[in-house]
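Trainee: Just passing along the structure, written as structure tokens.
There are 2 protein chains.
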Amino acid sequence: MPRKKLSPADLSPQALELVAARFKLLAEPMRLRLLQALHDGERNVTQLVEATGATQANVSKHLGLLCDAGILRRRKDGMHVFYAIADPMVFELCTLVCTRLQADLQRKAAHFAP
Amino acid sequence: MPRKKLSPADLSPQALELVAARFKLLAEPMRLRLLQALHDGERNVTQLVEATGATQANVSKHLGLLCDAGILRRRKDGMHVFYAIADPMVFELCTLVCTRLQADLQRKAAHFAP
DNA sequence: CGACCATATAACTGCATGGTCATACAAGCA
DNA sequence: TGCTTGTATGACCATGCAGTTATATGGTCG
């Protein structure tokens, strides 16, 4: 079956909406902090509340969104609910952006220290 | 000079804000359409208005945001202003997300056609 | 100069959504 | 059976921001 290369160049507006929605999930600092806290393995909600300093309700809501999107997975164990990264791609994305931002800022900073 | 690997695992909350801001720029379908329209080279505002079907004011605003962020660059030529991709990384990001979304949806769709 | 074209911008509106508070639900334990 | 802990959820508020309208700016041509 012929497999066209999937390039952003030819995507329907509807497809772009899905892509945008995905980016939107990553466009919130608190959610990035949650993902960061889950980088080394699964954590339960209480641990994530402590790690981020946010309220429990807020953490739960963000976790729910990330879970619905398939970025996280849930595992219930007795009274606790453990979340974990289901899609490591998010780290690839973050790393790409990070690296680029850092390079950009260093280039700009260099203008002050020639 | 020792160069630590830049991993999302150890980023200050402030850094995460910058990363989130970057994602936020890509989290809008109209902006993705503009980037898409610029994929094959620079275009002026009028061309982008035609390509996207949006109003001129709206297009201008989005272009301004993308430009401020360093994702686009501007070139003024007489009466026209040409925009172009300044940071092709955006396409890497989109491709990553696209590919993943597609795989995800096809996997889900397969549940209906065994 | 004045009439027009291309682009930017300011003011405004409506909607989406992040955060909070209170509460519901569920599981373990006395 | 209550009591406590862990998690989810609904209601609410405030903010951000995409989109629109109208207008300003600036360049071209007559």
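Chains W and S are the protein sequences, given in the same order.
Reading the first sequence from the start, the letters are residues 1 to 114 in the numbering used here.
Reading the second sequence from the start, the letters are residues 1001 to 1114 in the numbering used here.
Even for Gly, the Cβ is constructed at its ideal location relative to N, Cα and C.
Source: prediction; values computed, not measured.
Specify, as a first and last residue, the run of the alpha helix (DSSP H) that S:F1023 falls within.
Mentor: Translated into the one-based positions of the second sequence, residue 1023 of chain S becomes position 23. That run of the alpha helix (DSSP H) goes 1013–1025.
Trainee: Got a sec, what are the start and stop residues for the alpha helix (DSSP H) S:H1062 sits in?
Mentor: Counted from its first residue, the second sequence places residue 1062 of chain S at position 62. Segment 1056–1068, the alpha helix (DSSP H) holding S:H1062.
Trainee: Report the residue from S:V1081, S:A1020, S:L1026 whose alpha carbon sits nearest the alpha carbon of S:R1095.
Mentor: As a position in the second sequence, residue 1095 of chain S is number 95, starting the count at 1. With the sequence shown as reference, residue 1095 of chain S is identified as Thr, and Arg is not the correct amino acid for it. Minimum Cα-Cα distance from S:T1095 among the listed residues S:V1081, S:A1020, S:L1026 corresponds to S:L1026.
Trainee: May I ask which residues mark the beginning and end of the beta strand (DSSP E) holding S:A1113?
Mentor: Translated into positions along the second sequence, residue 1113 of chain S becomes position 113. Counting along the chain, S:A1113 falls outside any beta strand (DSSP E), and DSSP gives it neither H nor E.
Trainee: Taking just the CA atoms, how far does W:V45 sit from S:A1051?
Mentor: Translated into the one-based positions of the second sequence, residue 1051 of chain S becomes position 51. Translated into the one-based positions of the first sequence, residue 45 of chain W becomes position 45. Rounded to whole angstroms, S:A1051 and W:V45 show a C-alpha spacing of 46 Å.
Trainee: What does DSSP give as the partner residues of S:R1043 in its beta bridges?
Mentor: In the second sequence, counting from the first residue as 1, residue 1043 of chain S sits at position 43. For S:R1043, which the question treats as bridged, DSSP gives the partners S:Y1083.
Trainee: Here's a check: name, in chain order, each residue in its chain whose Cβ is nearer than 8 Å to the Cβ of S:V1081, leaving out the five neighbours to either side.
Mentor: Within the second sequence, numbered from 1, the residue matching residue 1081 of chain S stands at position 81. Closer than 8 Å at Cβ, skipping near neighbours: N1044, V1045, R1074, R1075.
Trainee: With a threshold of 8 Å between beta-carbons, can W:P13 be considered close to chain S, or not?
Mentor: By 1-based counting over the first sequence, the position of residue 13 of chain W is 13. By this cut-off, W:P13 is an interface position.
Trainee: Among S:L1065, S:M1089, S:E1092, S:C1098, which residue has its Cα nearest to the Cα of S:Y1083?
Mentor: Looking up residue 1083 of chain S in the second sequence gives position 83. Of the listed residues, the one whose Cα sits closest to S:Y1083 is S:L1065.
Trainee: Who are the Cβ neighbours of S:R1003 in its own chain at under 8 Å, not counting the five residues just before and after it?
Mentor: Working through the second sequence from its first residue, we reach residue 1003 of chain S at position 3. Because the pLDDT at S:R1003 is just 49, under 50, the model does not fix this residue reliably, and the point stays unresolved.
Trainee: Can you tell me the Cα-Cα spacing of W:R31 and S:L1032, whole angstroms?
Mentor: For the purposes of this step, residue 31 of chain W is taken as the residue at position 31 of the first sequence. For the purposes of this step, residue 1032 of chain S is taken as the residue at position 32 of the second sequence. Straight-line Cα distance between these residues: approximately 22 Å.
Trainee: Compare the C-alpha of S:S1012 against each of W:Q36, W:V59, W:K61 and name the closest.
Mentor: Reading the second sequence from its first residue, position 12 is the one you call residue 1012 of chain S. Residue W:Q36 is the option with its Cα nearest to S:S1012.
Trainee: To which residues does DSSP link S:R1074 through a beta bridge?
Mentor: Along the second sequence, one-based indexing puts residue 1074 of chain S at 74. For S:R1074, which the question treats as bridged, DSSP gives the partners S:Y1083.
Trainee: Give the range of the alpha helix (DSSP H) segment to which S:L1032 is assigned.
Mentor: Working through the second sequence from its first residue, we reach residue 1032 of chain S at position 32. Looking at the DSSP string, the run of the alpha helix (DSSP H) that includes S:L1032 is 1029–1037.
Trainee: Could you compute how far the alpha carbon of S:I1085 sits from the alpha carbon of W:V59?
Mentor: Residue numbering aside, residue 1085 of chain S sits at position 85 when the second sequence is read from its first letter. Residue numbering aside, residue 59 of chain W sits at position 59 when the first sequence is read from its first letter. Distance between the alpha carbons of S:I1085 and W:V59: 36 Å.
Trainee: So the candidates are S:L1038, S:L1034, S:D1010, S:V1090; which of them puts its Cα closest to the Cα of S:K1061?
Mentor: Counting from 1 along the second sequence, the entry for residue 1061 of chain S is found at position 61. The candidate whose alpha carbon is nearest that of S:K1061 is S:L1034.
Trainee: Taking DSSP as the reference, what is the three-state secondary structure of W:P2?
Mentor: As a position in the first sequence, residue 2 of chain W is number 2, starting the count at 1. Its pLDDT being 48, under 50, W:P2 is placed unreliably by the model, and the measurement read from it follows with that caveat. The answer is coil: DSSP assigns W:P2 none of H, G, I, E or B.
Trainee: Tell me the rounded alpha-carbon separation between S:D1104 and S:M1089.
Mentor: Against the second sequence, residue 1104 of chain S aligns to sequence position 104. Against the second sequence, residue 1089 of chain S aligns to sequence position 89. Straight-line Cα distance between these residues: approximately 23 Å.
Trainee: Can you list, in chain order, the residues of its chain whose CB lies under 7 Å from that of W:D87, leaving out five sequence neighbours each side?
Mentor: To locate residue 87 of chain W, count along the first sequence from 1; it is residue 87. The residues are G70, I71.
Trainee: Going by DSSP in three states, W:L105 sits in which element: helix, strand or coil?
Mentor: In the first sequence, counting from the first residue as 1, residue 105 of chain W sits at position 105. In this structure, W:L105 counts as helix in the three-state DSSP scheme.
Trainee: Using beta carbons (cut-off 8 Å, strictly below), is W:C98 in contact with chain S?
Mentor: Locating residue 98 of chain W in the first sequence gives position 98, counting from the first residue. Yes, its Cβ sits closer than 8 Å to a Cβ of chain S.
Trainee: Would W:R73 pass as an interface residue toward chain S - the criterion being a Cβ-Cβ separation below 8 Å?
Mentor: Counted from its first residue, the first sequence places residue 73 of chain W at position 73. Judged by the 8 Å Cβ criterion, W:R73 is not in contact with chain S.
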